[in-house]
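Enquirer:
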Amino acid sequence: MASTSLRYLSRSDIVEIGGDRSELYMAAIEEGFRLHAARDFVQPLKPYLRSPRATHIADRIIAMPAWIGGDRPVAGLKWIGSKHDNPSARGLDRASAVIVLNDPETNHPVAVMEAALISAMRTAAVTGLAVRHLARAGLSEAALIGCGPIAARQAQTLAEQFPTLDSVRLFDLRPEAAEDLAARLRDRFPRLRTIIAPSAEAAVRDCPVVVTCTVTDTPYLPYRWLSPGTLLANVSIMDVEREVFLKADKVVVDDWDQCNREKKIINLLVEAGEFSRDKLHAELGEIVVGRRPGRERDDEIILLNPMGMAIDDIACARALLRRAEEAGAGTVLPLF
3 MASTSLRYLS RSDIVEIGGD RSELYMAAIE EGFRLHAARD FVQPLKPYLR SPRATHIADR
63 IIAMPAWIGG DRPVAGLKWI GSKHDNPSAR GLDRASAVIV LNDPETNHPV AVMEAALISA
123 MRTAAVTGLA VRHLARAGLS EAALIGCGPI AARQAQTLAE QFPTLDSVRL FDLRPEAAED
183 LAARLRDRFP RLRTIIAPSA EAAVRDCPVV VTCTVTDTPY LPYRWLSPGT LLANVSIMDV
243 EREVFLKADK VVVDDWDQCN REKKIINLLV EAGEFSRDKL HAELGEIVVG RRPGRERDDE
303 IILLNPMGMA IDDIACARAL LRRAEEAGAG TVLPLF
């Protein structure tokens, strides 16, 4: 990494080098979880910046710093903003982000890249990695609750990574959002059958993999909706009722410290004395490296609660920077 210049990657630059497909992210995320299991990382708890005028849980900006080791150590920060009414009020994506990467030898910045795409793709890759280890073999059907940009990338990653997937159930409080996502999935993946569910419960019942992709601040998904063998990926964090954490056969997180904070459900259960680190089955990295088992029986109900880690973003950004350097992609800017 040169320390007297930085490489800027726009979203179109990232797409040009394959950053709109899941392969790169799956490999980078797996490496990130291996580094997490080896404790070859530094990841401060992420601060949330909220305006005192904010009225919705999704209205905030988050700073996510991390250092990761491996064969090319790098430090970085994702700065990600979210406004729940951007799509309806402004015609903009709900989330926007940039990632800055720094050379740990000098601490000079070496890259800046658009990161809303990276953030959505790495979130989907975490689900994909979890499905490899925690879902029943031969995935044929998945359900997505919430049909915005995050759901679109989740569906894309599952379709690209699991050729046996042939059916996707969709539910959104806005039926037009579900219809739009269904149409786009049919265009991109003709093999997929898309089913518009009349309710969240109808989407969840008897589905082997369920992924929440909403902006709700009110839990609505009870344990009784889940069938034996379900993997529930609680991507949007606040959807699952407390009893699911207590009754699931296994609860898996990406990072215990990140999950046990900010008055999220795990934190509330810990404060109430109902849950603890000892009751957690594993962090996902422990499963990836074989330190803890993944799915052991077909009838296990497994809850994945991924809070989202900065090391995910930095691992993916590092992989994209490598590819951009090899391809000469982006714009190199002088620092001085």
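So the sequence shown is numbered by my numbering: it starts at 3 and just counts up by one. Built from N, CA and C at the ideal position, the CB exists for glycine as well.
(1) Can you name the residues that DSSP bridges to Y27?
(2) Would you kindly check if the distance between the Cβ of A145 and the Cβ of N104 is under 9 Å?
(3) Using the DSSP secondary-structure output, state which residues sit across from L141 in a beta bridge.
(4) With burial defined as no fewer than 16 other Cβ atoms inside 10 Å of the residue's Cβ, what is the status of M3: buried or exposed?
(5) By how many angstroms is the C-alpha of I101 removed from the C-alpha of A312?
(6) What are the partner residues of E285, as DSSP defines its beta bridges?
(7) Helix, strand or coil, according to DSSP, for E162 in the structure here?
(8) What's the C-alpha gap between A122 and A274?
(9) Return helix, strand or coil for T196, following the three-state DSSP convention.
(10) Take Y50 and list the residues in its own chain whose beta-carbon comes closer than 6 Å to its own, dropping the five residues that flank it on each side.
(11) From A39 to L79, what does the alpha carbon distance come to, in whole angstroms?
(12) From what residue to what residue does the beta strand (DSSP E) around S98 run?
(13) Among residues of its own chain, excluding the 5 on either side of R36, which ones have a beta-carbon nearer than 7 Å to its beta-carbon?
(14) Terminal residues of the continuous beta strand (DSSP E) containing R279?
(15) Using CA coordinates, which residue listed in T166, L228, W69 is at the minimum distance from L141?
(16) Please determine, among A317, A321, P295, the residue with the shortest C-alpha to C-alpha distance to L136.
(17) Name the two residues that bound the continuous beta strand (DSSP E) containing E116.
Expert: Considering the structure as presented:
(1) DSSP, once it has assigned bridges, lists no residue as partnering Y27.
(2) no
(3) Paired residue(s): none; L141 is not in a bridge.
(4) Confidence is the limiting factor: at M3 the pLDDT is only 47, short of 50, which leaves the residue's position unreliable, though a coordinate-based value still follows. By the 10 Å Cβ count, M3 comes out buried.
(5) Rounded to whole angstroms, A312 to I101 spans 10 Å at the Cα level.
(6) V255
(7) helix
(8) 33 Å
(9) strand
(10) R62, I64
(11) A39 and L79 have their C-alpha atoms roughly 21 Å apart.
(12) Element bounds for S98: 97-104.
(13) G287, V290, V291
(14) Segment: none, R279 is in no beta strand (DSSP E) and carries neither H nor E.
(15) T166
(16) Nearest of A317, A321, P295 to L136, Cα basis: P295.
(17) 111-116
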